[in-house]
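Notes for the one structure printed next.
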Amino acid sequence: MGTNFPRIKGFLETSCKDGKGIEELKTRITEEINELKHVGDLLPATWFNVKKKLEALETDYITYDEYMSLCQDEQVQEQEAQQTLVGFLHDLGIVVNFQDDPRLVDTNVLKPEWVTNGVYKILNDKPLITEHKGVLELSQLERILDSNRYPRHKHSFLVELMEKFELCFPLTDKKDQYLIPDLLPKEEIDTGDWNNAVTFEYHYTVLPSSIFSRFMVRVYKNISKKTYWRNGVVLHYDECKALVRSDREDKIITISITGQQNLRRDFLFSLRSQFDAIHDSFKGLECIPKVRLPEHPKILINYEELLSAEEAGKKNLFCRKTQTGRRLKRTPQWF
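Counting from 552, one number per residue, gives the positions in the sequence shown under the numbering used here.
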């Protein structure tokens, strides 16, 4: 599992109408609960006392220094024990703490819904969607969020948390402005002619909407001339350009690349490495990589089959029969 969504364990189809998949869902939930970390673990009484004290606090968050002070009051004095305990409480969902991120480590969120409610309000703000086209300015959070529960000095924490979970990225030419890919307009932008591009595709059984938006966050430094919309983006790499599009209806993500032939494969590798990392964070995600033959764009070949042929030193690759009944052959060096 990846680090972004470790609690996603798989995808099951269910129906409340006819009960399809409900029993399987119940079984899987029971199995996953039994596999959770710390289930059945015995805790030192001092740790349990810290847990109770944190749950009794009325505030939404405290600093890490305040947490350490509370631990010391309950005789949990070793720094290593304090770090282990806060990680334990984070895994249980009692607090939210990110020890591995220097931007977020100082704040312990005692009520996880404080985070989810704040982010939910940002992502569902109508002016942010309709007027600002997904561009968030930090100053807008004073309008979007309740100042009593989300004071100004915590606005950056929420945005940095959104960055960590690949929900937004900073606009490099604008101070304190961030782009939220999921809130971009759906209308596709004219990106020019890609007829001579080499094309790589991911075919999914289920295509989570977050895959493409997270990809855009990861590659934002390579975005070409602000050419993006909700389901597409144009990227540049040296003398190459790539058009990456997500088709939710057909469950396909397409990468089309033009430019210097000797650089195309490197560019594709860098883009694929980002998708591979995102795919790894979804357990059970089924995805098949395929390529289209440049001279016969209607012909799709399994990418792994193409690589195997190349590694075997084959000069030609025989494809399945086309609609006309002919067999086509194509060198594996499609780049």
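Ideal Cβ placement from N, Cα and C applies to all residues, glycine included.
Asked: If I follow the unbroken beta strand (DSSP E) through Gly783, where does it start and stop?; Found: Gly783 to Tyr788
Asked: Measure the alpha-carbon distance for Arg703 versus Glu693 and round it to whole angstroms.; Found: 7 Å
Asked: Is the region 749-758 in contact with the region 800-815, if contact means three or more CB pairs nearer than 8 Å?; Found: yes
Asked: So, with DSSP's three-state summary, where would you put Trp598?; Found: helix
Asked: Using the Cβ count rule (16 or more neighbours within 10 Å means buried), how would you classify Ser832?; Found: buried
Asked: Apart from the five residues on each side of it in sequence, which residues of its chain come closer than 8 Å, Cβ to Cβ, to Cys719?; Found: Leu687, Val710, Met713, Tyr729, Leu730, Ile731, Pro732 and Val768
Asked: Along the chain, which unbroken stretches of the beta strand (DSSP E) at least 3 residues long are found entirely within the region 718-783?; Found: 728-730, 749-755 and 774-780
Asked: Counting C-beta neighbours from all protein chains within 10 Å, is the total for Phe826 16 or more, i.e. buried, or is it exposed?; Found: buried
Asked: Over what stretch of residues does the beta strand (DSSP E) that includes Cys791 continue unbroken?; Found: Cys791 to Asp798
Asked: For a test of the three-state rule: what should DSSP assign to Ser839, helix, strand or coil?; Found: A small fix is needed here, since residue 839 is Ile in this sequence, not Ser. DSSP places Ile839 in strand when its eight states are reduced to three.
Asked: Have a look at Glu625, Lys705, Arg700 and Leu786 and flag the residue whose alpha-carbon is nearest the alpha-carbon of Arg654.; Found: Lys705
Asked: Please determine, among Ile850, Phe599 and Phe716, the residue with the shortest C-alpha to C-alpha distance to Asp652.; Found: Phe716
Asked: Going by C-alpha to C-alpha distance, which of Lys792, Phe766, Thr723 and Pro759 sits closest to Asp744?; Found: Lys792
Asked: CA-CA distance, Gly685 and Glu862?; Found: 45 Å
Asked: Could you tell me which whole alpha helix (DSSP H) segments of length 4 or greater appear in the region 569-656?; Found: 573-586, 596-607, 615-624 and 630-643
Asked: CB Gly669 to CB Tyr701, shorter than 7 Å?; Found: yes
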